[in-house]
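J.:
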Amino acid sequence: MRPVYLDNNAATAADPEVVAAMLPYFDERFGNASSAHDFGATSRRAVKKARDKTRALIGAAYDEEIVFASGGTEADNAAILGALDSRQGRDEIVVSAIEHPAILALASHLERTRRAKVHVIPVDRQGRLDRERYRAALTPKVVLVSIMWANNETGVLFPVEELAEEAKAVGALFHTDAVQAVARLPIALKETAIDMLSLSAHKLHGPKGVGALYVRRGAPFRPLILGGGQERGRRGGTENTPAIVGLGKAAEIAIQRLRGDAARMRALRDRLEATLTARIANAFVVGGSERRLPNTSAIVCEGAEADAIVALLARAGVAASAGAACAAGSLAPSHVLRAMGLPAAVAAGATRFSLSRDNDDDDIDRAIETMPPIVERLRRASRALDAAGAPRIAEPAYA
Ligand code: PLP
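Using the numbering used here, you'd call the opening residue of the sequence shown number 2 and step up by one each time.
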């Protein structure tokens, strides 16, 4: 049977047009984009076109605001480190408790090494940011706020445009990790107070290992990687022309398709959620009442562990995930579910289905047919263990 792929927040398939656009830049158009001859000029033109498409996808005003990087993780690190020492007398940063590890690991490193004081703003059970705590943290000591546009595990959106206005009012820079939001939501950066934004090509049907950081014209920024002055001195290293061309093509396609694809994904996702929560008792959608990405659904089935559900789904040919790909398999409860304070979700985990424009009704039918019997089987096994008085593995300790 054809495998069903519903793990697009981990990676999307590169569009065939993207692959075709990239291929010539490995051989016949191999020139270094910094070279003075025609080989260089060909690559330079390709990088310029990709920059323009990437700019257009996020509604930025100027091409020079796009800095190509190796992906979302580098863009996130570059944003924070690039802003950190940029304003005298300011050494505090503000993040949410449910940021991606690309932000949280760096923030805790900066805190440990005493380079910055970090305010971690909590969320509630629906994944909404605690706005009072956010406002209280915003003082003239804050150099940078980094709050994600959409959470990768739940799809819940933060109101980043409003949060950026509030940060601006105290003179802090505002960065958003929009790795999951770009190409799934319309974005018009030039109409916002957002200073920096991270994106990653492999979440939008482009290649892995390439992404971009948007840096608003005039915003203070120091390069993370020093080198030969590429990217106007903001990111050293020979441009990865094939990958950048791939990102540009993926952006170009996304601009044309975004609205239609989002509506189609939302309809499929809503049917998946409605049917599964009707057929499976004591199942709920994390952040179900909130504004969310159109493609993401995190479903908790009380008394059935998401890791086991995902393993059995995989055996039945349905690829989903239990939280983020980088945390999956670690056995530690998701920091996102923990921060949301959902005891049932922390104990069982959430099964994440994430769709792309490649999914269709048949894929959703397969997930709908496959998941309820799996949950029932796991719950039966768990009840049998309880009845036999089998000892349970202790919950991992966490604060
Ligand atoms: N930020 C978010 C919200 C993500 O979901 C991911 C990847 O899953 C990243 C950052 C990291 O991006 P990359 O894999 O391009 O380094």
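Think of the CB as a built atom: it goes at the ideal place given N, C-alpha and C, for glycine as much as any other residue.
1) Would you kindly work out how many angstroms separate the C-alpha atoms of Gly353 and His110, rounded to a whole number?
2) Among Gly73, Thr55, Ser71 and Gly342, whose alpha-carbon lies nearest the alpha-carbon of Glu65?
3) Do Val19 and Gly247 count as a contact pair if the criterion is CB distance below 7 Å?
4) Does the beta-carbon of Phe74, which I'm using as the reference point, lie nearer than 6 Å to any heavy atom of the ligand PLP?
5) When every heavy atom of the ligand PLP is checked, does at least one fall within less than 6 Å of the C-beta of Asp178?
6) I'd like the list of long-range same chain contacts for Glu396, defined as Cβ closer than 6 Å, with 5 residues on each side in sequence excluded.
7) Taking only three categories from DSSP, how would you classify Leu1?
8) Give me the Cα-Cα distance between Ala11 and Ala391, rounded to the nearest whole angstrom.
9) Do the segment 273–288 and the segment 131–139 meet, that is, are 3 or more Cβ pairs less than 8 Å apart?
10) Measure the alpha-carbon distance for Ala255 versus Asn296 and round it to whole angstroms.
11) Can you tell me which of Lys204, Glu192 and Ile226 puts its alpha carbon nearest to the alpha carbon of Ala217?
12) Ordered along the chain, which non-local residues of its own chain (more than five positions away) have a Cβ less than 7 Å from that of Ala80?
13) Using the C-alpha atoms, what's the distance from Leu386 back to Gly207?
14) Run the proximity test for Ala340: is its beta-carbon closer than 6 Å to any non-hydrogen atom belonging to the ligand PLP?
15) Around the Cβ of Thr239, are there at least 16 other Cβ atoms within 10 angstroms (buried) or fewer (exposed)?
16) Identify whether Asp362 lies in helix, strand or coil by the three-state DSSP scheme.
T.: According to the structure shown:
1) If you number the sequence shown from 1, residue 353 lands on position 352. If you number the sequence shown from 1, residue 110 lands on position 109. The identity of residue 353 in the sequence shown is Arg, whereas the question assumes Gly. Each residue's alpha carbon lies about 29 Å from the other.
2) As a first step, residue 65 must be located in the sequence shown, where it is residue number 64. The candidate whose alpha carbon is nearest that of Glu65 is Thr55.
3) By one-based count along the sequence shown, residue 247 stands at place 246. By one-based count along the sequence shown, residue 19 stands at place 18. A contact, by the Cβ cut-off of 7 Å.
4) Position 73 of the sequence shown, counted from the first residue, corresponds to residue 74. Note on identity: in this sequence residue 74 is Thr, with Phe being the wrong assignment. At least one heavy atom of the ligand PLP is nearer than 6 Å to the Cβ of Thr74, so yes.
5) Mapped onto the sequence shown, residue 178 falls at position 177. Within the cutoff, so yes.
6) Taking the first residue of the sequence shown as 1, we reach residue 396 at position 395. Because the pLDDT of Glu396 is 49, which lies under 50, any placement of that residue in the model is unreliable, and the question is left without a value.
7) The question about residue 1 has no answer, for the chain in this structure spans 2 to 400.
8) As a working mapping, residue 11 is identified with position 10 in the sequence shown. As a working mapping, residue 391 is identified with position 390 in the sequence shown. Answer to the nearest angstrom: the Cα atoms are 36 Å apart.
9) no
10) Along the sequence shown, one-based indexing puts residue 255 at 254. Along the sequence shown, one-based indexing puts residue 296 at 295. Answer to the nearest angstrom: the Cα atoms are 15 Å apart.
11) The count along the sequence shown starts at 1 and reaches residue 217 at position 216. With the sequence shown as reference, residue 217 is identified as Arg, and Ala is not the correct amino acid for it. Arg217 has its Cα closest to that of Glu192, out of Lys204, Glu192 and Ile226.
12) Taking the first residue of the sequence shown as 1, we reach residue 80 at position 79. Within the same chain, Cβ atoms closer than 7 Å to the Cβ of Ala80 are found at Ser147, His176, Met197, Ser199 and Leu214, the five residues on either side in sequence being excluded.
13) Numbered from its first residue, the sequence shown carries residue 207 at position 206. Numbered from its first residue, the sequence shown carries residue 386 at position 385. Answer to the nearest angstrom: the Cα atoms are 46 Å apart.
14) Position 339 of the sequence shown, counting from 1, holds the residue named residue 340. Checking every heavy atom of the ligand PLP against the Cβ of Ala340, none is found closer than 6 Å.
15) Your numbering for residue 239 matches position 238 in the sequence shown. Per the 10 Å Cβ criterion, exposed.
16) The residue given as residue 362 occupies position 361 in the sequence shown. Note: Asp362 maps to helix in three-state DSSP.
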